[in-house]
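Enquirer:
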Amino acid sequence: MKKTFAGIATTITIAIVISSFAYTLLSPANSAAADPEANPTVAEWQLTVTGLVENPLNLNWTEIVAMPKSTVNAAIICVDFPSNIVEQGNWTGIKLQTLLEEAKPSAEAIKVGFYAADGYSTDLPVETAMRDDIILAYEKDGVPLNDLRLVVPGKWGYKWISQLTRIELLDYNFLGFWESRGYSDEATVSMSGQATGELPSLPTVDVPSPSPTTPATSPSPPPSQPSITSPAPLAQSTPTPEPSEGLSTPTETVYAIAASVIAVVLVFVLMFVRKRTKQEKEP
Numbered sequence: 209m210k211k212t213f214a215g216i217a218t219t220i221t222i223a224i225v226i227s228s229f230a231y232t233l234l235s236p237a238n239s240a241a242a243d244p245e246a247n248p249t250v251a252e253w254q255l256t257v258t259g260l261v262e263n264p265l266n267l268n269w270t271e272i273v274a275m276p277k278s279t280v281n282a283a284i285i286c287v288d289f290p291s292n293i294v295e296q297g298n299w300t301g302i303k304l305q306t307l308l309e310e311a312k313p314s315a316e317a318i319k320v321g322f323y324a325a326d327g328y329s330t331d332l333p334v335e336t337a338m339r340d341d342i343i344l345a346y347e348k349d350g351v352p353l354n355d356l357r358l359v360v361p362g363k364w365g366y367k368w369i370s371q372l373t374r375i376e377l378l379d380y381n382f383l384g385f386w387e388s389r390g391y392s393d394e395a396t397v398s399m400s401g402q403a404t405g406e407l408p409s410l411p412t413v414d415v416p417s418p419s420p421t422t423p424a425t426s427p428s429p430p431p432s433q434p435s436i437t438s439p440a441p442l443a444q445s446t447p448t449p450e451p452s453e454g455l456s457t458p459t460e461t462v463y464a465i466a467a468s469v470i471a472v473v474l475v476f477v478l479m480f481v482r483k484r485t486k487q488e489k490e491p
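So for the sequence shown, our numbering puts the first residue at 209; every next one is plus one.
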């Protein structure tokens, strides 16, 4: 009887150890997610700074993360639910101010256009973009985002563009995706839950691609905008993130189940091998 209980205890212990080890290996949170060599998306990432600048920039991921780091604590706030903080945390990346100073904007530039890989866009006045607390984040609470997100403390979520690939300095009043549809261009979050400027009701049907305000000159055209059927608070698809707590609950469940299955299979294999070995030793 004692031998039976000892065998069961040993089997359970082996299963737990194998399960934990398998979960560690399978979990992407423990992999080099932001390593350019380990992540093709990151390895191919390019950020360009163009338009009215003296020194156009074309940076890859390695060059971006090698720049001086800056961290700010800020929250993304839904435009339709002002009391709902979508994501709060410590965002780490490079200062937009530093990047723009390196690009040397022309005196004629009045707006900065931001463009995402998925076609989404937003904008900031040049003077706002030069704020010291605005960064291009590639980490949140120490967890890699595997893309670049514009972090703009005090602005509505639709200004927090992710999958950022292009920044353009412009000499006209360019309006981003939601701004061109009537959303406040200033987008300042207030305690009353209203943005500075008129904030229209949220659209619930497909809307056409926006046309930017006619420029005084002809800058590089912004990317075409996708058709949007719902006004997601961030007004963009996010690779997201990369939550601060690590993996999402469904993902954690999948990896836990996979690890458990592997552990059980290995335990049965060990038991089978042990039994066969014992049988072979018997006369």
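All residues carry an ideal CB built from backbone N, CA and C; glycine is no exception. Keep in mind the model is a prediction, meaning the values are calculated, not measured.
1) Where does residue 320 sit, in a helix, a strand or coil, going by DSSP?
2) Alpha carbon to alpha carbon, what distance is there between residue 483 and residue 450?
3) Would the region 323-336 and the region 295-302 be scored as touching if the rule is three or more Cβ pairs under 8 Å?
4) Tell me where the beta strand (DSSP E) around residue 296 begins and ends.
5) So, with DSSP's three-state summary, where would you put residue 366?
6) Under the rule that 16 or more other beta-carbon atoms within 10 Å means buried, what is residue 363, buried or exposed?
7) Decide if residue 276 is buried, meaning its Cβ has at least 16 other Cβ atoms within 10 Å, or exposed.
8) Taking the alpha carbon of residue 372 as the reference point, which residue from 262, 313, 267 has its own alpha carbon closest?
9) Excluding the five sequence neighbours on either side, which residues of its own chain have a C-beta within less than 6 Å of the C-beta of residue 301, listed in chain order?
10) So, under 8 Å CB-CB, residue 319 and residue 381 are touching, yes? Tell me the CB distance rounded to an integer number of Å.
11) Residue 377 and residue 317 look like a contact to me (Cβ under 8 Å); what is the Cβ gap, rounded to whole Å?
12) Give every residue of the same chain whose Cβ lies closer than 8 Å to the Cβ of residue 305, excluding the five residues on either side of it in the sequence, and list them in chain order.
13) For residue 334, which residues in the same chain have their Cβ closer than 7 Å to its Cβ, ignoring the five residues on either side in sequence?
14) Taking the alpha helix (DSSP H) that residue 274 belongs to, which residues open and close that run?
15) With DSSP collapsed to three states, give me the class of residue 329.
16) Provide the residue span of the alpha helix (DSSP H) that contains residue 335, from first to last.
17) Taking 8 Å as the threshold (C-beta atoms), are residue 265 and residue 309 in contact?
18) Ignore the nearest five residues each way along the sequence and tell me which others in residue 282's own chain have a CB closer than 7 Å to its CB.
19) Hey, could you find the ends of the beta strand (DSSP E) residue 346 is sitting in?
20) How many whole angstroms separate the CB atoms of residue 330 and residue 369, which I take to be in contact at a CB cut-off of 8 Å?
Expert: Walking through what the data contain:
1) strand
2) Any reading at residue 450 must be qualified, since the residue scores a pLDDT of 35, below 50, and its modelled position is unreliable; the value itself is stated next. Cα-Cα distance, rounded: 46 Å.
3) no
4) 293-303
5) helix
6) buried
7) exposed
8) 267
9) 343, 344, 345, 346
10) 6 Å
11) 4 Å
12) 337, 338, 339, 340, 342
13) 313, 317, 318, 319, 320
14) 269-274
15) strand
16) 334-337
17) no
18) 299, 359, 361
19) 343-348
20) 5 Å
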